[in-house]
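Quick mapping for you: the protein sequence lines, in order, are chains B and S.
All residue numbers in the first sequence are consecutive under this note's numbering, ending with 168.
All residue numbers in the second sequence are consecutive under this note's numbering, ending with 396.
All C-beta atoms in this analysis are idealised placements derived from N, C-alpha and C, irrespective of residue type, glycine included.
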Amino acid sequence: MTPVRTDFSRLLRVLLDASVEFILVGGVAGTLHGAARATYDIDVVYRRSPENMSRLVAALGPYAPYLRGAPAGLPFSFDVVTLRQGLNFTLTTTLGDIDLLGEITGGGAYDDLLAQSASIPLLGTICQCVTLDGLIRLKRAAGRPKDLEAIAELEALRAESGQ
Amino acid sequence: MAGEPVSLEPNVLIEAYKKDVDRTLLRENLKLTPDQRLDKLQDFVRFATELREAGRRARS
């Protein structure tokens, strides 16, 4: 199987152009703050309003979203009903991999996390991104041993940026 | 799921990992705009993917 190379800019632009309400979290959020650690997918916390889920489906639908790592041929349909019945989705698309999170450990849902996010200029528009402190809190809350190095880097980044 | 606010107080384990953080890379990244940082990540992922594919081809 050919690995999917995520086109970060195009995938984000698809969401931004469709006015999808989301907060960028995870490795790409770290990158935007200045972290050097590589990541291979995009993680977003999306607002679970009916209107926003419709925008999300319309935006990503043309890029064949499918459950990442699942066998081919499953009866998966990326539509509002599926989004409403689920919460967090780990997807692959023709533009790359994206995790759609209805809630995130330590941050809650979109409206909960909004206070720990900031608008940053990106791709000629504005993107809502979790703050550096917010990202550190999320990583700490996740409590995964594999995140320890990433947290150390983010905290060093905070010190370097004088925050 | 938001739960109690997570403390940002120093943690012994995390402090131990900080010794290995390359701060020169961070300082360079801090000079860039968010768009430039995203481009840099994209270039790295492109390179890493091509390397992985080349490795796979060499093994097959």
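How would you label residue i, buried or exposed, when you count the other beta carbons within 10 angstroms and need 16 or more for buried?
{"i": "residue 77 (chain B)", "result": "exposed"}
{"i": "residue 11 (chain B)", "result": "buried"}
{"i": "residue 364 (chain S)", "result": "exposed"}
{"i": "residue 131 (chain B)", "result": "exposed"}
{"i": "residue 404 (chain S)", "result": "Missing from the structure shown is residue 404 (chain S); chain S here goes from 337 to 396 and no further."}
{"i": "residue 151 (chain B)", "result": "exposed"}
{"i": "residue 328 (chain S)", "result": "In the structure displayed, chain S extends from 337 to 396; residue 328 (chain S) sits before or after that span and is not available."}
{"i": "residue 86 (chain B)", "result": "exposed"}
Going along the chain, which residues of its own chain have a beta-carbon closer than 8 Å to the beta-carbon of residue i, five neighbours each way excluded?
{"i": "residue 96 (chain B)", "result": "65, 70, 71, 72, 73, 83, 102, 103, 104 and 105"}
{"i": "residue 158 (chain B)", "result": "35, 40, 41 and 42"}
Which residues in the same chain have their Cβ closer than 6 Å to the Cβ of residue i, if we skip the five residues on either side of it in sequence?
{"i": "residue 34 (chain B)", "result": "134, 135 and 140"}
{"i": "residue 48 (chain B)", "result": "30, 31 and 104"}
Comparing alpha-carbon positions, which option in the options lies nearest residue i?
{"i": "residue 116 (chain B)", "options": "B:24, B:28, B:16 and B:14", "result": "B:28"}
{"i": "residue 50 (chain B)", "options": "B:17, B:68, B:39 and B:43", "result": "B:17"}
{"i": "residue 375 (chain S)", "options": "B:13, B:24, B:61 and B:52", "result": "B:13"}
{"i": "residue 166 (chain B)", "options": "S:340, S:353 and S:366", "result": "S:366"}
{"i": "residue 94 (chain B)", "options": "B:53, B:37, B:44 and B:21", "result": "B:53"}
{"i": "residue 90 (chain B)", "options": "B:100, B:98 and B:107", "result": "B:107"}
{"i": "residue 114 (chain B)", "options": "B:129, B:75, B:143 and B:98", "result": "B:143"}
Considering only residues of the same chain and omitting the five flanking positions on each side of residue i, which have a CB-CB separation below 7 Å?
{"i": "residue 25 (chain B)", "result": "51, 57, 60, 61 and 64"}
{"i": "residue 123 (chain B)", "result": "134 and 136"}
- [ ] May I ask you to list, following chain order, the residues of the region 43-76 of chain B that have a beta carbon less than 9 Å from some beta carbon of chain S?
- [x] Of all residues in the region 43-76 of chain B, 43, 44 and 45 have a Cβ within less than 9 Å of some Cβ in chain S.
Task: Residues, ordered as in the chain, of the region 117-145 of chain B that lie near chain S by beta-carbon distance below 7 Å - done: 117, 125, 126, 127, 128, 138, 141, 142 and 145
TODO: Mind checking the region 363-377 of chain S against chain B and listing, in chain order, the residues whose C-beta falls within less than 7 Å of any C-beta there?
DONE: 363, 365, 366, 370, 371, 373, 374 and 377
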